[in-house]
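Novice: Note that the protein sequences, when read in sequence, are chains P and E.
For the first sequence, this note's numbering gives the first residue as 4, with consecutive numbering after it.
For the second sequence, this note's numbering gives the first residue as 23, with consecutive numbering after it.
We put the CB at the ideal spot given by N, CA and C, even for glycine.
Have a look at this one before I ask anything.
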Amino acid sequence: MTRKTLLVGKTFPRIEAEAKVTGQSRYWLDLPPATNTLYVGLVTSTRPHARILGIDTAPALQHEGVEAVLTAEHISGMLGNMLCDRPILAAHTVRYVGEPVALVLARSPAAAHSAAALVQVRYDDLPVAITADESLLPDAPILHPEFSAYQGAAALGGGDLPNVAARFTMTAGDLEAGWAQADVIIEQQYHTSVRHHAALERHGASARQKADGTLILWASTAAPYALRKEISRALGIDAQRLRVTCARVGGGIGAKSRTSIEALVVAAAMAYPGYTVHLELQQSGEFTSVFVRPALSAYLKMGVTRQGEIVAMQARYAWDVGASADACLETVWSAAYAGTGPYRIPHVAIDSEAVYTNHTPAAPMRGNDMAEVHWAIEQHIDQLAAAIDMDPVAFRLHNIVKGGDRLALGQIMHVTGLDQCLQKVTAAIDWQRRPDDRPSMARGKGLALFWSPTTVAPDHSAEACARFDDDGCTIAIDNEDAGTGLHTFVAQLAATELGLPLDWVQVSPVDTAQGLQYPQRKATAEVCSVGNAVLMAVRRLKVHLVQQVAAAWNESPNHIDIIDGIVISHATERQQALDEMFRAGIATAAGPSFLRPLEARGYATPSPFFASDDPEIASILYFCAGAAAAEVEVNRTTGEVKVLQLAAAVDVGHAINPDLVLSQMKGGALQGLGAALWENLIYKDGVPINPDLYNYHVAMFTDLPAQLFAHIVEVPQEGGPYGARSLAADVPVLVAPAVANAVAQAVGLRLTRMPITAETVWRFLREN
Amino acid sequence: MKYPISFHLNGKIVSLEVSTQETLLDALRQRLGLTGAKEACNEGNCGACTVLLNSAPVYACMVLAVEVDGSAVETVEGMEGEELHPLQKALIDQHGLQCGYCSPGILLTAQALLAHNSRPNKTQIREALAGNLCRCTGYTDIIKAVQVASRARR
């Protein structure tokens, strides 16, 4: 008897799809209302930077239905994973519009809302710095004068300049020697915009302290364990006292793996035992009071020879992280690790730094923000190729990092399918055929390569628990599936290993009560770490199961296997369905033998490709790589850019579920297009002027390019489960610089500032 | 001030008393326990709360409950009969969902489209669904799902 179906490398619908399309899935806001609830009216800062002179809570307290108003007098603590630099509630200073200042607790949502408007905060305004460039000026306001006292601050290489929270550098070779070899040197500054994750489901949380003093938090989060760790530390309570549970997550895009407003409701619940404290952010709060994506100010200088060798590179990546740097540390490290782009360059000096500014704290959006870095590098590569009159494809192929090359890190590069990806995307848009201009319409094609280090935090590891009983196999892992397909991936791995039909495997909602000990938070590494932990757990489970059956059948475990849910003996050809074994016992000559429910745990501490020698700095599991190509049409009169064709290819190692991989790629491509053309959270005098889905442009159905191609390339990853590599994070990286390069080819102008809106193109065309 | 209203909800008559500020979305989700229509922006920008009002798609967060007195309202909970609706099945099979928060609204808008255009082309599908945002999928697979469902219905 041979296995009928191998469940990896095959497309299945996501395992929770039916519940989602019938409306049966329960997201946080769909949970049944609790009795005895206090609703939170959140009072937030209206100033980008100011001292708090006083808070008058009396009018709010007199409002009908109001139970209390809590301020930093009642709730204090600093949030963070590695760097505790986010106050739960602003105490003496506010650093961004939207920063929580006070909580009104009321008996109804309406009372909470109207009483919150009655809380009077008196401010003394301070000077404002809203971009990294502004914060680095000598006379810039200092956002965190007490920075050096923050927990975790000492290890991060920051503090050398007033607003720099973290700094990481990477050097190789001899930069001066490199410049001496170069025939052409190009310097350029690039800027990306502040964007918003804009998951449709807003953040929300509710918490209650029970009679025994334990606390339970229900939150719209993908990372309950990370929340437990950060909240318990910030509030100075034992982590075991706090249980964190989640429901389905209506999109995370990076913003639901970090802690923010959840700490407020836990603190309020501790002050009001027996009540459920309930906080729902409204739309503007979702844009201003939680997280945004960091913006990048990148300075690049690169030297190339006439023969097309890139010989030297100097880069300064200044990350505008808003009022808190903690969530962006891996972004800072990754930008240094991968700051050369996927190119072999002998002489390198890269400096990457987190810079505090007066806007909402930043958190990575789909990966470690490599899109920002490649926005600069890939435009620079096109300029270098043009300067020495070389074809951009040939120039890239000549310089790309290949397996076996020594990286600036000092490490020997592993094999990737980067060249195959480039080939796929250039073929998809017929790269060789020069697009035809029409009188008022200029057309151009552009491409971009990328690589992205999948990094893991120093304390990184993962754990999974697999259980088998008469309900089938249930897997517990430490991260919720916010739409990536993680749970389907996990179910496919488990079913394949255990020899079960896919629908026998379930993945339970994440709950810290499941007691996993080694939680991790990073979605980009979860394919590798969670995947390997699950593989270990189910392999152990299978051993236990086979041993029980072997004992009952009086056979050697070596002869027993499970195929499509049937336990068989290769020696005696005896067989019995596994579900029947649980129901009726293992059939033996002496009557049924009871099959005990089984449980096994698995752990994964992946061995990194590049292990950081600093225990505070992230390591690299592997590099992901890919390519994108775009054809655009630019209206010379209006400046409008229309993308006619867009192609993306990513080396995913092994596509465990090919159609779900393609679905991730297509979604990522459209987010990348949004970054290139539309998405921009705009600040005027430090105040966000478009914090809602009407004025902040998220791509709509009608924005989809006429042709969108997604291609999978598979060069198996050593150490990845079945050779798989992470992917969801990476596709948006590719698209924006490919579009920028296409626009540059179409109109002969280089737009270095993201996004490329009709207005910026129109101004550029008029001025040049 | 409370007003009594009656309306057809997924084919059955329901009666309740609503206040003048209460939206249809709040009435469905909080009073009637139907959480299929999702609350997202709550300001008429995203389409996640789309339901059908007398067969036309509306944002339930922008309709007052008193307005639906005497009308017919359909939500995602009413879509499946014995089996999944062809649109639901196609959305699953074509991978037209990821986090799933936009799916109920998209299904109802698509149902309304197919009711008056049984074989829409891609442009018609895009235009009909332009009021429904999806942050995850990139839309391509949703468009394919609507096309597959339109063929299945014939």
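Taking 7 Å as the limit between beta carbons, can you name the residues of its chain near residue 5 (chain P), skipping five residues before and five after?
Specialist: For residue 5 (chain P), the pLDDT reaches just 48, beneath the cut-off of 50, and the residue's location in the model is therefore unreliable, although a value from the coordinates is still provided. Nothing meets the Cβ criterion.
Novice: Are the CB atoms of residue 620 (chain P) and residue 322 (chain P) within a distance shorter than 8 Å?
Specialist: Not a contact, by the Cβ cut-off of 8 Å.
Novice: Taking Cβ positions only, does residue 506 (chain P) come closer than 8 Å to chain E?
Specialist: It does not; no Cβ of chain E falls within 8 Å.
Novice: Would DSSP call residue 552 (chain P) helix, strand or coil?
Specialist: Helix, per DSSP.
Novice: Counting only the same chain and skipping the five closest in sequence on each side, list residues whose C-beta sits under 6 Å from that of residue 514 (chain P).
Specialist: For residue 514 (chain P), where only same-chain residues beyond five positions count, the Cβ hits under 6 Å are 248.
Novice: Would you list, in chain order, the members of the region 114-128 of chain E that have their beta-carbon closer than 7 Å to a beta-carbon of chain P?
Specialist: Hits within the stretch, in order: 114, 115, 117, 119, 120, 121, 122, 123, 124, 125, 126.
Novice: Beta strand (DSSP E) containing residue 81 (chain E): first to last residue?
Specialist: From DSSP, the beta strand (DSSP E) with residue 81 (chain E) extends over 78-81.
Novice: Against chain P, does residue 57 (chain E) count as a neighbour if the rule is that its beta carbon must be under 8 Å from one of theirs?
Specialist: Yes, its Cβ sits closer than 8 Å to a Cβ of chain P.
Novice: At which residues does the beta strand (DSSP E) containing residue 699 (chain P) begin and terminate?
Specialist: That residue, residue 699 (chain P), is in no beta strand (DSSP E); it is neither H nor E in DSSP.
Novice: Against chain P, with Cβ distances strictly below 8 Å, would residue 148 (chain E) count as a contact?
Specialist: So yes, residue 148 (chain E) belongs to the interface.
Novice: Report the partner residues of residue 626 (chain P) according to the DSSP bridge assignment.
Specialist: DSSP lists P:456 as partners of residue 626 (chain P).
Novice: Write down every uninterrupted run of the beta strand (DSSP E) in the region 181-254 of chain P whose length is 3 residues or greater and which is fully enclosed by it, in chain order.
Specialist: Correct list: 187-194, 207-212, 218-222, 245-249.
Novice: Considering only the beta carbon of each residue, do residue 393 (chain P) and residue 449 (chain P) sit closer than 8 Å?
Specialist: No; because the gap between Cβ atoms is not below 8 Å, this pair is not in contact.
Novice: Once DSSP output is grouped into helix, strand and coil, what is the label at residue 4 (chain P)?
Specialist: Caution is warranted here: a pLDDT of 42 is assigned to residue 4 (chain P), below 50, making its placement in the model unreliable, and the coordinate value is therefore given only provisionally. Looking at residue 4 (chain P) - three-state DSSP - the assignment turns out to be coil, as it is neither helix nor strand.
Novice: Rounded to a whole number of angstroms, what is the C-alpha to C-alpha distance between residue 636 (chain P) and residue 385 (chain P)?
Specialist: Each residue's Cα considered, the two are about 19 Å apart.
Novice: Got a sec? Which residues, its chain only, sit under 6 Å from residue 16 (chain P) by beta carbon, not counting five neighbours each side?
Specialist: Around residue 16 (chain P): no qualifying Cβ.
Novice: Taking a contact to mean a Cβ-Cβ separation below 8 Å, would you say residue 254 (chain P) touches residue 369 (chain P) in this structure?
Specialist: Their beta carbons are not under 8 Å apart, which means residue 254 (chain P) does not touch residue 369 (chain P) by this criterion.
Novice: Could you pull the start and end residues of the alpha helix (DSSP H) that residue 499 (chain P) belongs to?
Specialist: Counting along the chain, the alpha helix (DSSP H) containing residue 499 (chain P) begins and ends at 489-501.
Novice: Here's a check: name, in chain order, each residue in its chain whose Cβ is nearer than 7 Å to the Cβ of residue 625 (chain P), leaving out the five neighbours to either side.
Specialist: Excluding residues within five positions, the ones whose Cβ falls inside 7 Å are 417, 457, 612, 720, 728.
Novice: With DSSP as the reference, label residue 599 (chain P) as helix, strand or coil.
Specialist: If DSSP states are grouped into helix, strand and coil, residue 599 (chain P) belongs with coil.
Novice: Go to residue 272 (chain P), then tell me how far its beta strand (DSSP E) extends in each direction, as first and last residue.
Specialist: Taken as a continuous stretch (DSSP letters only), residue 272 (chain P) belongs to no beta strand (DSSP E), being part of the alpha helix (DSSP H) at 265-274.
Novice: Run down chain E in chain order and give the residues with a C-beta less than 7 Å from the C-beta of residue 28 (chain P).
Specialist: Result: 122.
Novice: Could you check whether the Cβ of residue 5 (chain P) sits closer than 8 Å to any Cβ belonging to chain E?
Specialist: Residue placement at residue 5 (chain P) is flagged as unreliable, the pLDDT there being 48, under the threshold of 50; the coordinate-derived value follows with that caveat. Taking Cβ atoms only, chain E never reaches closer than 8 Å to residue 5 (chain P), which makes this a no.
Novice: Does any C-beta atom of chain P lie closer than 8 Å to the C-beta of residue 65 (chain E)?
Specialist: Chain P, which has a Cβ nearer than 8 Å to the Cβ of residue 65 (chain E), makes this yes.
Novice: Kindly list, in the order they appear in chain E, the residues whose Cβ is closer than 7 Å to that of residue 703 (chain P).
Specialist: In chain order: 152, 155.
Novice: For the region 358-407 of chain P, which segments carrying the alpha helix (DSSP H) assignment without a break, of at least 4 residues, lie completely within its bounds, in sequence order?
Specialist: List check, alpha helix (DSSP H) in window: 373-390, 395-402.
Novice: Terminal residues of the continuous beta strand (DSSP E) containing residue 585 (chain P)?
Specialist: Element bounds for residue 585 (chain P): not the beta strand (DSSP E) but the alpha helix (DSSP H), 581-587.
Novice: For residue 472 (chain P), does the count of other Cβ atoms within 10 angstroms reach 16, so buried, or fall short, so exposed?
Specialist: Residue 472 (chain P) is exposed by the Cβ-count criterion.
Novice: Using a C-beta cutoff of 8 Å, does residue 440 (chain P) count as contacting chain E?
Specialist: No - not a single Cβ of chain E is within 8 Å of the one on residue 440 (chain P).
Novice: What residue from P:182, P:283, P:677 has the CA that sits closest to residue 304 (chain P)'s CA?
Specialist: With distances taken between Cα atoms, residue 304 (chain P) lies closest to P:182.
Novice: Taking DSSP's pairing of strands, which residues face residue 73 (chain E) in a bridge?
Specialist: DSSP, once it has assigned bridges, lists E:80 as partnering residue 73 (chain E).
Novice: Shortest alpha-carbon distance to residue 56 (chain E) belongs to which of E:73, E:119, E:149, E:143?
Specialist: Answer by Cα proximity: E:73.
Novice: For residue 509 (chain P) and residue 518 (chain P), I'd like the C-alpha separation in whole angstroms.
Specialist: Straight-line Cα distance between these residues: approximately 18 Å.
Novice: Taking the straight line between their C-alpha atoms, what separation do you get for residue 2 (chain P) and residue 151 (chain E)?
Specialist: Because chain P in this structure spans residues 4 to 771, residue 2 (chain P) falls outside the shown range and cannot be described.
Novice: For residue 60 (chain P), is the beta carbon positioned less than 7 Å from some heavy atom of the ligand FMN?
Specialist: As far as ligands go, the structure on display features none, and thus does not contain the ligand FMN.
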